[in-house]
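Colleague: Encoded as structure tokens, here's the structure I'll be asking about.
Number of protein chains: 2
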Amino acid sequence: MKLKGKAVIAQGGGPTAVINQSLVGIVLESRKFTEITKVYGAIHGITGILKEDFIDLTDETTENLEQVAMTPSSGLFSTREKPDEELTKQMLNVFQAHNIRYFFYIGGNDSADTVRIICEKAKEANYEMRCIHVPKTIDNDLMINDHTPGYPSAAKFVAQAFMGINLDNKALPGVHIIILMGRHAGFLTAASAIAQRNPEDGPHLIYLPERAFILDSFVKDVKKVYDKHGRCIVAVSEGIQDKEGRPIMTRLVDTEKDAHGNVQLSGTGALGDFLAQQIKVELNIKKVRSDTFGYLQRSFVGCVSHVDQQEAREVGEKAVQFALLDKLGGSVTIHRTGDYSVEYQLSDFHKIAAKTKLMPDEYINEKGNHVTEAFKNYLTPLLGNDMPLLTFLKGSKVEKILNK
Amino acid sequence: MKLKGKAVIAQGGGPTAVINQSLVGIVLESRKFTEITKVYGAIHGITGILKEDFIDLTDETTENLEQVAMTPSSGLFSTREKPDEELTKQMLNVFQAHNIRYFFYIGGNDSADTVRIICEKAKEANYEMRCIHVPKTIDNDLMINDHTPGYPSAAKFVAQAFMGINLDNKALPGVHIIILMGRHAGFLTAASAIAQRNPEDGPHLIYLPERAFILDSFVKDVKKVYDKHGRCIVAVSEGIQDKEGRPIMTRLVDTEKDAHGNVQLSGTGALGDFLAQQIKVELNIKKVRSDTFGYLQRSFVGCVSHVDQQEAREVGEKAVQFALLDKLGGSVTIHRTGDYSVEYQLSDFHKIAAKTKLMPDEYINEKGNHVTEAFKNYLTPLLGNDMPLLTFLKGSKVEKILNK
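Following this line, the structure appears as structure tokens:
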């Protein structure tokens, strides 16, 4: 028995460079099925559902959809809102009023939890509908998934940025500390390692939230690199924590929390400035700079992984196919099947919702201040085959005449 | 009478994405002339000359040179050093010892001044040589020049970054303050305006060092935009100054000075954090973020203007041609001759060296908080013809049922 009704698509959490690929995948695939009578987009995620702020995408031209797919950041806009019991009930009312039977929510682990709750409440209310969570997050921290759409493009931005930072720092040496996004999982910060083609290249040190951050060790590590190379590039996750698991950032600034209880870590240069100050004072190095990449990492126009684009499109298409195959609901997950190939499955919400995948131990070096070759092998195929080729002058040294 | 001897090339000041195009232009063009017996590269600018740290580029393969040309940041490495009387004498000794008769220095206005001094000292010492300054700076602040190599690519990075920032901020609204490079001249900060395709797009406000920064007016400006659009994106030059001409940054942190007397403004998030705090406190807006683009602006791999690449190559080639035409020395300058075309001239050092071109009044709006259409018309052709095309969903609003 086919379930006939409208479909609604929403986007939640932080945007990515390819999140609209998933949106467009869902729209185009939905329009192939007669069960789906209309395709709506909810404006600003679940907030749009509550307010019935829908736009009708049924007649959106394919040409414009393909252009939107190439445009970064959530085309339907986003939200950090999390529905409680009461709001979930209101959402169900809206779904019923519009005869919405298919709900696709593109988001991270918090969004997955939202879809899980709605799916359960619909069942309790005996309102038949299919709720599918479509993965995206630059943090790459969804359980079960080999990786998540959005991460490869953000990782490519970070890797290319560090290639430039490394060349810049070679030209004008000093200590350069860069703060990267990553609340609990260090995957994005770890991507900086791709810039390191030779041992003398940066980043020379990488600090991740998965290992306790000891200020003394950090200073000693920087000294060691600086003494050897006369310069030092350090990649640091914004979420680095002390031994007790408290983010270092919370010591420095009054931090906010969102509806999911997440502490705000981005959008300030405080952590970088703090670490730079430590190095200046402790090591008496003159040129110490810190940069915080901030929101550029998730929205930069013009630095996208083709692999990421393709997979983000496919998770959208597969979401519709899974929903039409009479499955109540679940989360679309990406599984690596070869080097390099993937397949998509529909996984149980409980395995993903409100959980966080961290960097496995095999991807972090023993000292906890860099990544392993295994991590580089994991990431490299995700970046696509068009990473820039950089080179250097090979001319031989000229014999000195005056300064022999 | 032909002047026979070696040529030396050096790079000074902050790197750019296309500075190696100029280097390669000089090397390839030099190798065409029999007067030039060898082509040397000085490692780390004038520091390399003093130490006789030269590499021989005479036999560098053209293939590798073309790859280096595509690699951002100074391939010969750079310096902030400025020679005094004694060092200039030492440099002349080195030139004489190696029979170096051609000196090409790729750099900004401080580097132009260095070339001027060497040129004068050589003349005083009756040592015949040709000294040419080849322009580069992302700051776009060289007198006489319509614009400078390096600026278009940095401007393209800034414009593309703001396109993403704007989309991100539309998805998750708030106040977002971005600090950009620009000590005295606001050209790079002004480039953010290219991201503003519709009046509701950011950047909504742009503050430049050319206008006094009044904190009260800034807060009022942000309030006005925020009240209207529910969000506000602000582009701010790191070099913004108070009415007395003191950089706001110097109030916030202990700043360093380099050999040219320039205050260090980059490599800290202090200014952005300060401005964000003002908005939080004064306007009681919850989501206020600041990002400081930092060194990314001059070294990002993979965001280059083709116009910039071509011109950076040509100023290198022209430098050699001017030197061979029996001219003692000067600075290669770019002049706009059409929309869009340029020609190159050799200008007197005194017109460029140690001087700073600021944004002309016609490029800044009356209120001093944005740019004019004239500025956008000036910048647009420099960015090349491959700026990303972004779009949005056009679906019509769905009629509400419950929330009528």
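So the protein sequences, as listed, match chains A and B. Numbering of the first sequence is given in numbering that gives the first Met the number 0, commencing with residue 0 and proceeding in unit increments. Numbering of the second sequence is given in numbering that gives the first Met the number 0, commencing with residue 0 and proceeding in unit increments. Built from N, CA and C at the ideal position, the CB exists for glycine as well.
Is A:Tyr206 close to chain B, meaning its C-beta is less than 7 Å from at least one C-beta of that chain?
Modeller: Output row for A:Tyr206: interface = no.
Colleague: If you run the structure through DSSP and keep just helix, strand and coil, what is A:Cys302?
Modeller: A:Cys302 falls in the coil class under three-state DSSP.
Colleague: Who are the near neighbours of B:Gly229 in its chain, counting only those whose CB is closer than 6 Å to its CB and skipping five residues on each side?
Modeller: Around B:Gly229: Pro172.
Colleague: So if DSSP puts A:Gly240 in a beta bridge, which residue, or which two residues, is it bridged to?
Modeller: The sequence shown places Gln at residue 240 of chain A, not Gly. Paired residue(s): A:Pro246.
Colleague: Check whether the segment 168-187 of chain A and the segment 205-220 of chain A touch, using three or more Cβ-Cβ pairs below 8 Å as the test.
Modeller: Enough Cβ pairs lie closer than 8 Å, so yes.
Colleague: Helix, strand or coil for B:Arg210? Go by DSSP, reduced to three states.
Modeller: Coil, per DSSP.
Colleague: Please report whether the beta-carbon of A:Tyr294 lies at a distance below 7 Å from any beta-carbon of chain B.
Modeller: Yes, its Cβ sits closer than 7 Å to a Cβ of chain B.
Colleague: With DSSP run on the structure shown, which of helix, strand or coil describes A:Gly40?
Modeller: Note: A:Gly40 maps to strand in three-state DSSP.
Colleague: At 4 residues or longer, and completely inside the segment 105-188 of chain B: list those alpha helix (DSSP H) runs for me, N to C.
Modeller: With a minimum length of 4 residues, the continuous alpha helix (DSSP H) runs that stay inside the segment 105-188 of chain B are 108-123, 150-170.
Colleague: Does B:Leu166 come within less than 7 Å of chain A when only Cβ atoms are used?
Modeller: It does; some Cβ of chain A falls within 7 Å.
Colleague: Quick test of your reading: A:Val67 and B:Leu166, contact by CB under 8 Å. State the CB separation rounded to the nearest angstrom.
Modeller: No, A:Val67 and B:Leu166 are not in contact; Cβ-Cβ is about 11 Å, not under 8 Å.
Colleague: Does B:His334 pass the burial test, meaning 16 or more other C-beta atoms within 10 Å, or should it be called exposed?
Modeller: It counts as exposed.
Colleague: With burial defined as no fewer than 16 other Cβ atoms inside 10 Å of the residue's Cβ, what is the status of A:Tyr339: buried or exposed?
Modeller: With fewer than 16 Cβ atoms within 10 Å of its Cβ, A:Tyr339 is classed as exposed.
Colleague: For B:Asn19, count neighbouring C-beta atoms within 10 Å of its own C-beta (all shown protein chains included) and say buried if the count is 16 or more, exposed if not.
Modeller: B:Asn19 should be labelled buried.
Colleague: Indicate whether at least one CB of chain A lies closer than 7 Å to the CB of B:Phe299.
Modeller: It does: the Cβ of B:Phe299 has a partner Cβ on chain A nearer than 7 Å.
Colleague: A:Tyr343: which of A:His146, A:Ser29, A:Leu91 sits nearest, CA to CA?
Modeller: Residue A:His146 is the option with its Cα nearest to A:Tyr343.
Colleague: Under the DSSP definition of a beta bridge, which residues are partnered with A:Thr332?
Modeller: A:Gln344, per the DSSP bridge assignment.
Colleague: Taking the alpha helix (DSSP H) that B:Thr61 belongs to, which residues open and close that run?
Modeller: Element bounds for B:Thr61: 61-68.
Colleague: Please report the straight-line C-alpha distance between A:Lys88 and B:Asn402, rounded to a whole angstrom.
Modeller: So the alpha carbons of these two residues sit roughly 15 Å apart.
Colleague: Return the bridge partner residues of B:Phe102 from the DSSP annotation.
Modeller: DSSP lists B:Val7, B:Cys130 as partners of B:Phe102.
Colleague: When you compare each of A:Asp55, A:Asp112, A:Lys279, A:Arg312 to A:Ala353 by their alpha carbons, which one comes out closest?
Modeller: Nearest of A:Asp55, A:Asp112, A:Lys279, A:Arg312 to A:Ala353, Cα basis: A:Asp112.
Colleague: Using a 10 Å radius around the Cβ and a threshold of 16 neighbouring Cβ atoms, would you call A:Val280 buried or exposed?
Modeller: Exposed: under 16 other Cβ atoms inside 10 Å.
Colleague: Within 7 Å (strictly less), CB to CB, does B:Ala96 reach chain A?
Modeller: So yes, B:Ala96 belongs to the interface.
Colleague: Return yes when the Cβ of B:Gly394 is within less than 7 Å of the Cβ of A:Ile54, no when it is not.
Modeller: Yes, the pair counts as a contact, with Cβ atoms nearer than the cut-off.
Colleague: For the segment 67-85 of chain A, list every residue whose C-beta sits within 9 Å of some C-beta in chain B, in sequence order.
Modeller: From the segment 67-85 of chain A, only Val67, Met69, Thr70, Pro71, Ser72, Ser73, Gly74, Leu75, Phe76, Ser77, Thr78, Arg79 have a Cβ closer than 9 Å to chain B.
Colleague: From A:Lys227 to A:Ser110, what does the alpha carbon distance come to, in whole angstroms?
Modeller: If I take the Cα positions, the gap works out to 46 Å.
Colleague: Assuming A:Thr33 is part of the beta strand (DSSP E), what are its boundary residues?
Modeller: Neither: A:Thr33 is in no beta strand (DSSP E) and is coded neither H nor E.
Colleague: Does any C-beta atom of chain A lie closer than 7 Å to the C-beta of B:Val53?
Modeller: The amino acid at residue 53 of chain B is misidentified as Val; the sequence shows Phe. Chain A contact via Cβ: present.
Colleague: Buried or exposed: where does A:Asn364 fall if 16 or more other Cβ atoms within 10 Å of its Cβ makes it buried?
Modeller: By the 10 Å Cβ count, A:Asn364 comes out exposed.
Colleague: Determine, using beta-carbon pairs with one atom in the segment 305-316 of chain A and one in the segment 23-30 of chain A, whether at least three such pairs fall under 8 Å.
Modeller: Taking 8 Å as the limit for Cβ pairs, the verdict is that the segment 23-30 of chain A does touch the segment 305-316 of chain A.
Colleague: Going along chain B, which residues have a C-beta under 9 Å from A:Ser395?
Modeller: Those are Ile54, Asp55, Asp58, listed as they occur along chain B.
Colleague: Would you kindly report the start and end of the unbroken alpha helix (DSSP H) that includes B:Thr87?
Modeller: Where B:Thr87 is concerned, the enclosing alpha helix (DSSP H) stretches over 84-96.
Colleague: Compare the C-beta of B:Lys5 with all C-beta atoms of chain A and state if any pair is closer than 7 Å.
Modeller: It does not: the Cβ of B:Lys5 has no partner Cβ on chain A nearer than 7 Å.
Colleague: Under 8 Å between beta-carbons, which chain A residues line up against B:Pro14? List them in chain order, please.
Modeller: Leu166, Asp167, Ala170, Leu171, listed in chain order.
Colleague: If you draw a straight line from the alpha carbon of B:Leu323 to that of B:Ser29, how long is it in whole angstroms?
Modeller: When rounded, the distance between both Cα atoms is 9 Å.
Colleague: Going along the chain, which residues of its own chain have a beta-carbon closer than 6 Å to the beta-carbon of B:Cys118, five neighbours each way excluded?
Modeller: Contacts found: Cys130, Gly328.
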